[in-house]
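Trainee:
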Amino acid sequence: MKNKQKKDINYYLTKLVKLERRKYHPLVHKVHRKHNISKKTLFYIREYGPHSHIPRVIIKESIKVLLLASIISSIGGLAFENIKDIFISLIPIIILFPALNGLIGGFGGIVSSKFASMLHEGKAIGSLLKSRELKTLLIQILIISTITTSLSALVSLVLSQFSSYSLNFDIALKVFLIAIIDSTILVMALFFIAIKAGIYLFKKKEDPNNFLIPITTAIADFGNMIILSFLIILFF
Amino acid sequence: MKIFDSTFKEIFSSQIISLVGGVITGTIIAFYTDKLLLLPGILILLPGFLEMRGNISGSFASRLSSGLFLGVIKPNKTTIHLLKGNLIASFLLAIIVSGVLGIIAFLFNYFVFHIMTYKIIFLSLIAGILANLIEIPLTLFATFYLFKKGYDPNNIMAPFITSTGDIISICALLITLLII
């Protein structure tokens with residue numbers, strides 16, 4: 002009996018890896034129900050099975066998003082290159098820039114994955130004002146963003162003191178304000194975009210996990226460079 | 002409404018790790034401004050170059066974690082078909098994206114600022130290869146190590162890759178600048 006069942010599973014799994022990857026096939030559902038194998042495992046077997054050329058599959062699926070992200074980042078970098086003379090004269094901003102980019106990108110990823118999970122669990126139905134979970138997350142993210150941004154601005158100001166840069170109160174205040182304004186605008190924008198896009202994707206029966214993170218990360222990086230460039234021009 | 006719960010602590014800790022990595026990277030850039038930032042077009046290249054590491058190694062770590070949890074990748078066997086395929090794909094992606102980033106920076110530089118710097122293409126390509134030669138094996142061993150120790154690599158690898166990736170990328174750019 003056990004041998005027959007084992008043969009049965011092997012038969013189905015061999016059939017499964019031979020399926021065309023992109024097409025939905027009822028066999029996946031059948032194996033999942035009959036043999037209690039998780040859909041994730043079956044997806045992995047089908048995607049990276051012995052008949053699949055793994056590097057080709059990965060490259061084919063990733064290259065478009067990576068190239069799009071490269072173009073978006075380069076356009077953002079163009080904004081920085083335009084104000085290069087001011088930028089390289091502001092040592093605290095040079096130190097601050099990668100930290101801010103990492104922080105805001107991180108918030109984008111966190112908001113997206115948390116909101117996607119809330120949608121799947123049914124905790125985020127309705128608007129931002131109606132959902133308690135969402136309101137809590139927004140407040141948490143805003144508090145953390147204010148603390149971490151202030152910390153990074155403070156550290157960059159302290160570190161710039163060790164160089165030949167002549168720091169004064171006026172510049173320190175401007176750097177501090179730039180960091181806070183930049184991160185607050187972007188965190189709010191990311192939250193709004195994640196909610197709107199997440200609800201839209203969820204209603205279309207798509208998994209928001211697959212789209213929200215790349216979208217919000219790209220917007221976070223691009224937005225950070227554009228807003229930072231604008232604020233540097235405005236303040237200096 | 003409970004604000005300071007475990008979620009708050011987890012997000013705060015991961016963002017602090019990211020902050021430390023970012024500040025170290027920024028300090029290296031500031032220290033070598035005269036060598037790094039004076040090259041025409043470097044600021045067009047830099048954001049994409051820093052982001053690439055997270056995009057490629059992040060996905061690599063995530064695929065590894067899924068494979069480890071599903072049992073199709075074994076942490077003690079490093080020669081299996083699936084693992085080799087992932088390593089080859091990540092290296093190839095790194096080479097392609099580094100080259101493309103260099104070409105984009107070159108084109109923007111030429112058409113927007115009317116400056117011709119072929120150097121930026123080689124800089125991006127060589128630094129990309131160099132950085133990934135360190136970052137991809139580092140991601141592999143860190144993911145395996147965390148899994149063997151009983152941690153979920155998904156929760157730790159993202160800030161780890163962001164922080165180490167930024168530092169390694171900047172160092173690779175500086176070394177390549179010295180070489181070429």
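Respectively, the protein sequence lines represent chains A and B. Under our numbering, residues 2 to 237 are what the first sequence spells out, in order. Under our numbering, residues 2 to 181 are what the second sequence spells out, in order. Using N, Cα and C, we set each Cβ at its ideal position, and we do this for glycine too.
1) For K140 of chain A, does the count of other Cβ atoms within 10 angstroms reach 16, so buried, or fall short, so exposed?
2) Would you please verify whether the beta carbon of D222 of chain A is less than 7 Å from any beta carbon of chain B?
3) Does the contact criterion of 3 or more C-beta pairs under 8 Å hold for the region 14-21 of chain B versus the region 95-112 of chain A?
4) Using a Cβ cut-off of 7 Å (strictly closer), state whether E11 of chain B contacts chain A.
5) Determine the direct distance from the alpha carbon of G103 of chain B to that of D127 of chain B, and round the result to whole angstroms.
6) Mind the definition here: the region 220-236 of chain A touches the region 72-86 of chain A only if three or more C-beta pairs lie below 8 Å; say whether that holds.
7) Using a C-beta to C-beta distance shorter than 7 Å, which residues of chain A count as neighbours of A60 of chain B?
8) Between S125 of chain B and chain A, is the shortest Cβ-Cβ distance under 7 Å, so that the two count as touching?
9) Classify M119 of chain A as helix, strand or coil using the three-state DSSP reduction.
10) Please determine, among A:K85, A:F236 and A:S74, the residue with the shortest C-alpha to C-alpha distance to L39 of chain B.
11) What are the uninterrupted segments assigned as alpha helix (DSSP H) that are 4 or more residues long and contained completely in the region 71-157 of chain A, given in chain order?
12) Sorted by chain position, which residues of the same chain lie with C-beta nearer than 7 Å to N102 of chain A's C-beta, five sequence neighbours on each side aside?
13) For N87 of chain B and E52 of chain B, I'd like the C-alpha separation in whole angstroms.
14) Since I181 of chain A contacts S151 of chain A with CB under 8 Å, what's their CB separation in whole angstroms?
15) Quick check: what's the CA-CA separation for L108 of chain B versus L155 of chain A?
16) Mind listing the chain B neighbours of I181 of chain A? Cutoff is C-beta to C-beta under 7 Å, in chain order.
17) Do S113 of chain A and L202 of chain A come within 7 Å of each other at the CB atom, strictly closer than that value?
18) Of all the options A:K175, A:H54 and A:T218, which has the alpha carbon lying nearest to the alpha carbon of I234 of chain A?
19) So N56 of chain B and A70 of chain A are in contact, right, with Cβ under 8 Å, and what is the actual spacing, rounded?
20) Would the region 106-124 of chain B and the region 145-163 of chain B be scored as touching if the rule is three or more Cβ pairs under 8 Å?
21) When you compare only the Cα positions, how much space is there between P215 of chain A and S60 of chain B?
22) Report, in whole angstroms, the separation of the C-beta atoms of T165 of chain B and I96 of chain A, which I expect to be a contact under 8 Å.
23) Are at least three pairs of beta-carbons, each pair with one atom in the region 68-78 of chain B and one in the region 132-139 of chain B, less than 8 Å apart?
24) So, helix, strand or coil for E207 of chain A, using DSSP?
25) Rounded to whole angstroms, what's the CA-CA distance from F50 of chain B to G100 of chain B? Just pull it up for me.
26) Would you say G166 of chain B reaches chain A, if we count a Cβ-Cβ gap shorter than 7 Å as a contact?
27) Using a Cβ-Cβ cutoff of less than 6 Å, which residues in the same chain neighbour S90 of chain A once the five nearest sequence positions on both sides are dropped?
28) Got a sec? Which residues, its chain only, sit under 7 Å from D183 of chain A by beta carbon, not counting five neighbours each side?
29) Expressed to the nearest angstrom, what Euclidean distance is found between the alpha-carbon atoms of V21 of chain B and I30 of chain B?
30) Quick one: grab the DSSP three-state call for D6 of chain B.
31) Give me the chain A residues within the contact set of F109 of chain B, using Cβ-Cβ distance strictly less than 9 Å, ordered along the chain.
32) Might you give, ordered along the chain, the residues of its own chain that have their beta carbon closer than 6 Å to the beta carbon of D167 of chain B, omitting 5 neighbours on each side?
33) Hey, does E136 of chain B have any beta-carbon neighbour from chain A nearer than 7 Å?
34) Excluding sequence positions up to five away, which residues of its chain have a Cβ less than 8 Å from the Cβ of G199 of chain A?
35) Roughly how many whole angstroms lie between the Cα atoms of A143 of chain B and E11 of chain B?
Mentor: Well, looking at it:
1) Before going further, note that residue 140 of chain A is Ile rather than Lys in the sequence given. Residue burial is scored here from C-beta neighbours: I140 of chain A has fewer than 16 other C-beta atoms within 10 angstroms and is therefore classed as exposed.
2) Chain B, which has a Cβ nearer than 7 Å to the Cβ of D222 of chain A, makes this yes.
3) The region 14-21 of chain B is in contact with the region 95-112 of chain A.
4) False, the Cβ-Cβ gap to chain A never drops below 7 Å.
5) Strictly speaking, residue 127 of chain B in this sequence is Ile, with Asp absent from that position. Roughly 10 Å separates the two Cα atoms.
6) Segments in contact, yes.
7) Here residue 60 of chain B is Ser; the residue named in the question, Ala, does not match the sequence. By Cβ distance, chain A contributes S63.
8) No Cβ of chain A is located within less than 7 Å of the beta carbon of S125 of chain B.
9) Reduced to three states, the DSSP call for M119 of chain A is helix.
10) With distances taken between Cα atoms, L39 of chain B lies closest to A:K85.
11) 85-90 and 92-122, all fully within the region 71-157 of chain A.
12) Around N102 of chain A: D222 and N225.
13) Approximately 20 Å, taken between the alpha carbons.
14) Confirmed, about 7 Å.
15) Their Cα atoms are separated by approximately 37 Å.
16) Chain order gives no chain B residues near I181 of chain A, where near means a beta carbon separation below 7 Å; the closest approach is about 15 Å.
17) In this structure, S113 of chain A does not lie closer than 7 Å to L202 of chain A by Cβ.
18) Measuring from the Cα of I234 of chain A, the nearest candidate turns out to be A:K175.
19) N56 of chain B to A70 of chain A, Cβ: 6 Å. Contact.
20) The region 106-124 of chain B, when compared against the region 145-163 of chain B, does not touch it at the 8 Å Cβ threshold.
21) Across the structure, P215 of chain A and S60 of chain B are spaced so that their CA atoms are roughly 11 Å apart.
22) With 8 Å as the limit, T165 of chain B and I96 of chain A do not qualify as a contact, their Cβ atoms being about 18 Å apart.
23) The region 68-78 of chain B is not in contact with the region 132-139 of chain B.
24) Residue state, collapsed to three classes: coil.
25) Looking at the two C-alpha atoms, the distance is approximately 10 Å.
26) By this cut-off, G166 of chain B is not an interface position.
27) Excluding residues within five positions, none has a Cβ falling inside 6 Å.
28) Contacts found: L101, N225, I228, L229 and L232.
29) Here the alpha carbons of I30 of chain B and V21 of chain B stand approximately 14 Å from one another.
30) In the structure shown, D6 of chain B sits in coil (DSSP, three-state: anything other than H, G, I, E or B).
31) Simply S75, I76, G78, L79 and E82.
32) Within the same chain, G22, T26 and L51 come within 6 Å of D167 of chain B by CB-CB distance, once the 5 residues on both sides are set aside.
33) No - not a single Cβ of chain A is within 7 Å of the one on E136 of chain B.
34) Cβ within range, chain order: S113, F116, A117, L120, A125, P209 and L213.
35) Taking C-alpha positions only, A143 of chain B is separated from E11 of chain B by approximately 20 Å.
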